[in-house]
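Participant:
2 protein chains.
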Amino acid sequence: MSPRSGPARRAGGKALRLHGSIARTIGIAIVSGRHRPGDLLGGEISSSARFAVSRTAYREAVRILAAKGLVNARPKVGTRISPRSEWHLLDPEVLAWMFESEPDPELLNSLFELRRVVESAAAGIAARRRTPAHLRDLRGALDAMAAHTLATEAGRQADMDFHGTLLRATENPFIVSLTKGVSAAIGASTVFKQRKGPLDRDPMPEHRRVYQAVAARDARRAERAMSELIVLARRDTPSSRARRRR
Amino acid sequence: MSPRSGPARRAGGKALRLHGSIARTIGIAIVSGRHRPGDLLGGEISSSARFAVSRTAYREAVRILAAKGLVNARPKVGTRISPRSEWHLLDPEVLAWMFESEPDPELLNSLFELRRVVESAAAGIAARRRTPAHLRDLRGALDAMAAHTLATEAGRQADMDFHGTLLRATENPFIVSLTKGVSAAIGASTVFKQRKGPLDRDPMPEHRRVYQAVAARDARRAERAMSELIVLARRDTPSSRARRRR
DNA sequence: CCCGCCATTTACTCAGACAAATTGCCACAT
DNA sequence: ATGTGGCAATTTGTCTGAGTAAATGGCGGG
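In the order they appear, the protein sequences are chains A and B. Residue numbering for the first sequence is 0 to 245, as defined by numbering that gives the first Met the number 0. Residue numbering for the second sequence is 0 to 245, as defined by numbering that gives the first Met the number 0.
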């Protein structure tokens, strides 16, 4: 079995270089649990041989993984997978890699929990700071969502645009930097939903309520509406039936 | 002027390798604004010569920066600094680099805004999920803070431990993954505070109120107490007097 | 039983060459 | 004049092989 197959492409669609695709392969193996924290990754010579690439390319891949907190390389010790508490879980690529394989339901709940916290607050902030331009973009995304539905790629993109625009409207760079990660989560989990047959519930009403609150500059109502939206989205996601912790 | 000076050490204290210290040098130049988005970074041959290292080491440094969303390298085009919206601002290292030079006051406000949102909610969640062990750790950090005060390194470490333990008590891996970044922000901004003379206000009361609410499993009160704590911390930070946006 | 030296293993750095990709120019046809 | 195809130059990407530096674990001496 060859570890890689053809020119891998990232979510954005851009072709990945050799080092990038190797980082992706190993990264997925790590976040999916196929390699566990504390495990060693094998020497550079043997690993690069296993991937049929030069040590240079393999080392650059390791650098990428180390930059995302997934591994830790030291002479004489080897390249060890870091404990999960070290992982940069909100890194867009790490998040995307998690959705490449069926993600742990527990982890999915945690992600929705954080989204509920951050995006609700973001909706409230956006209600206060939004410009007419933001409002126009939100309306555009909403229209596109309604036109294409979440069953199409264009519809899912519009959904992501809606959430992305809302985060951008906060004018808070740190909140904006979560956009890519949130989009990855939305895109992937929406695909999950559709997998078990088409969605029966119409997701538009709660989206419209968020928009209306933001348009009315009603921060409190925007927060509540977004909180509700995310609770509903979690309910629609199949693995949400898994046990809650404790 | 030589671009690097001696064996650079990251916040954690571990000695940095060549590629790591170069990534740090360039990374600081980027987040501090000395290089601006859209700028090119110069060819690999000339850049590696400027740092007096091999192309290999320089390229690995670029891979690190690219993994954090700071730059984007393409053949024939060069290595271009990405727009700030692409930066992984919550990456612990990026955050630490931002505090290496005086950070933009506007950005500092944004960071406090996000901390207020996330840490308040985290306090509420922690109030529901905390175990006796978490409580013991919180108490330990509190005692250490009181004993050493924020004027000492040990006291600042205790402060960071308090916030870290609280985030850990949420049992939410995504929230936990923010710990390192939050610590970097706390450590650096606390040093700023002290710079203009010793702090006159005692930060212990609001910390104790958070602890008591978490101990009492009172989520609502924990949220409010943490929100208050962060507002006070922002007030103590010198640049907080800078204009709010718009 | 503890402490410091030393050998070994591993990642790290270097140098030089060649390959691949992307751009922009330029000739050519329309 | 304008669009279109391919060619050439530039830059990052990949490969090879060699040598360096760091961290560990054992060994010997205290």
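Positions of the beta carbon are idealized from the N, C-alpha and C atoms, including for glycine.
Hey, would you say Lys67(B) sits closer than 8 Å to Glu99(B), going by beta carbons?
Facilitator: No; because the gap between Cβ atoms is not below 8 Å, this pair is not in contact.
Participant: Is the beta carbon of Tyr122(B) less than 8 Å from the beta carbon of Leu165(B)?
Facilitator: According to the sequence as given, residue 122(B) is Ala; it is not Tyr. It is a contact, given that the beta carbons lie within the stated cut-off.
Participant: For Leu165(B), which three-state DSSP category applies?
Facilitator: Note: Leu165(B) maps to helix in three-state DSSP.
Participant: Quick one: residues in its chain with C-beta nearer than 7 Å to the C-beta of Met159(A), no 5 flanking neighbours on either side, listed in chain order?
Facilitator: Within the same chain, Met159(A) has close Cβ partners Ser182, Ile185, Gly186.
Participant: So, Thr151(B) versus Phe191(B), is the Cβ gap smaller than 8 Å?
Facilitator: Not in contact: Thr151(B) and Phe191(B) (Cβ atoms no closer than 8 Å).
Participant: Where does Leu39(A) sit, in a helix, a strand or coil, going by DSSP?
Facilitator: Strand.
Participant: Hey, is the segment 26 to 42 of chain A in contact with the segment 21 to 41 of chain B, meaning 3+ C-beta pairs nearer than 8 Å?
Facilitator: The segment 26 to 42 of chain A vs the segment 21 to 41 of chain B: no contact.
Participant: Val70(B) by DSSP, collapsed to three states: which one?
Facilitator: Strand.
Participant: Could you tell me which chain A residues have their CB closer than 8 Å to the CB of Pro131(B), listed as they occur along the chain?
Facilitator: Within chain A, no residue comes near Pro131(B); the closest Cβ sits about 14 Å away, beyond 8 Å.
Participant: With DSSP as the reference, please indicate the residues paired to Thr78(B) in a beta bridge.
Facilitator: Ala72(B).
Participant: Does the beta-carbon distance from Glu205(A) to Glu227(A) come in below 8 Å?
Facilitator: Cβ atoms of Glu205(A) and Glu227(A): closer than 8 Å.
Participant: Specify whether the segment 103 to 118 of chain A and the segment 109 to 126 of chain B touch according to this definition: at least 3 beta carbon pairs, one from each stretch, less than 8 Å apart.
Facilitator: Touching, per the Cβ criterion.
Participant: Are three or more beta carbon pairs between the segment 213 to 224 of chain B and the segment 125 to 145 of chain B nearer than 8 Å?
Facilitator: A contact exists between the segment 213 to 224 of chain B and the segment 125 to 145 of chain B.
Participant: When you compare only the Cα positions, how much space is there between Glu59(B) and Phe50(A)?
Facilitator: Looking at the two C-alpha atoms, the distance is approximately 19 Å.
Participant: So, at 7 Å on beta carbons, what are the nonlocal neighbours of Met225(A) in its own chain, with the 5 sequence-adjacent residues on each side left out?
Facilitator: Same-chain partners within the cutoff: Glu118, Ser119, Ala122, Val209.
Participant: Taking the Cβ atom as the reference point for each residue, do Thr78(B) and Val61(B) lie within a distance shorter than 8 Å?
Facilitator: In contact: Thr78(B) and Val61(B) (Cβ atoms closer than 8 Å).
Participant: Kindly say whether Glu118(B), judged by its beta-carbon, lies nearer than 8 Å to any beta-carbon of chain A.
Facilitator: No, Glu118(B) does not count as interfacial toward chain A.
Participant: Check whether chain A comes within 8 Å of Ile44(B), counting only Cβ atoms and requiring the distance to be less than that.
Facilitator: Not closer than 8 Å to any Cβ of chain A, the Cβ of Ile44(B) fails to qualify, so no.
Participant: If we count the other Cβ atoms within 10 Å of its Cβ and call it buried at 16 or more, is Ser269(B) buried or exposed?
Facilitator: Given a span of 0 to 245 for chain B in the structure shown, any question on residue 269(B) remains unanswerable.
Participant: Taking buried to mean at least 16 other C-beta atoms within 10 Å of its own C-beta, is Thr178(A) buried or exposed?
Facilitator: Burial call: buried.
Participant: With DSSP run on the structure shown, which of helix, strand or coil describes Ala14(B)?
Facilitator: Strand, per DSSP.
Participant: Could you tell me whether any Cβ in chain A is nearer than 8 Å to the Cβ of Arg79(B)?
Facilitator: Taking Cβ atoms only, chain A never reaches closer than 8 Å to Arg79(B), which makes this a no.
Participant: Would you mind reading off the limits of the alpha helix (DSSP H) that contains Glu112(B)?
Facilitator: Per DSSP, Glu112(B) belongs to the alpha helix (DSSP H) from 104 to 128.
Participant: Going straight from the alpha carbon of Met97(A) to that of Ser81(B), what length do you get?
Facilitator: For Met97(A) and Ser81(B), the distance between alpha carbons rounds to 24 Å.
Participant: Are the C-beta atoms of Pro36(A) and some chain B residue less than 8 Å apart?
Facilitator: Not an interface residue.
Participant: According to the Cβ coordinates, are Ala145(B) and Ala153(B) closer than 8 Å?
Facilitator: Going by C-beta atoms, Ala145(B) is not nearer than 8 Å to Ala153(B).
Participant: Give me the Cα-Cα distance between His34(B) and Ile63(B), rounded to the nearest whole angstrom.
Facilitator: Looking at the two C-alpha atoms, the distance is approximately 17 Å.
Participant: Any beta carbon of chain A sitting closer than 8 Å to that of Leu137(B)?
Facilitator: No - not a single Cβ of chain A is within 8 Å of the one on Leu137(B).
Participant: Could you give the first and the last residue of the continuous alpha helix (DSSP H) run that contains Pro172(A)?
Facilitator: That run of the alpha helix (DSSP H) goes 172 to 175.
Participant: Applying a beta-carbon distance threshold of less than 7 Å, which residues of chain A neighbour Val175(B)?
Facilitator: Near Val175(B) (Cβ distances below 7 Å), the residues of chain A are Ser84.
Participant: Which of the three DSSP states is assigned to Ala132(A) in this structure?
Facilitator: Helix.
Participant: Going along the chain, which residues of its own chain have a beta-carbon closer than 8 Å to the beta-carbon of Gln193(A), five neighbours each way excluded?
Facilitator: Excluding sequence neighbours, Gln193(A) sits near Leu149, Ala150.
Participant: Using a Cβ-Cβ distance cut-off of 8 Å, determine whether Ala221(A) contacts chain B.
Facilitator: With 8 Å as the cut-off, Ala221(A) does not count as an interface residue toward chain B.
Participant: Relative to chain B, which residues along the segment 20 to 34 of chain A have a C-beta separation below 7 Å, given in chain order?
Facilitator: Within the segment 20 to 34 of chain A, no residue qualifies.
Participant: Would you call the CB atoms of Ser176(A) and Leu141(B) closer than 8 Å?
Facilitator: Against a cut-off of 8 Å, the Cβ pair of Leu141(B) and Ser176(A) comes out as no contact.
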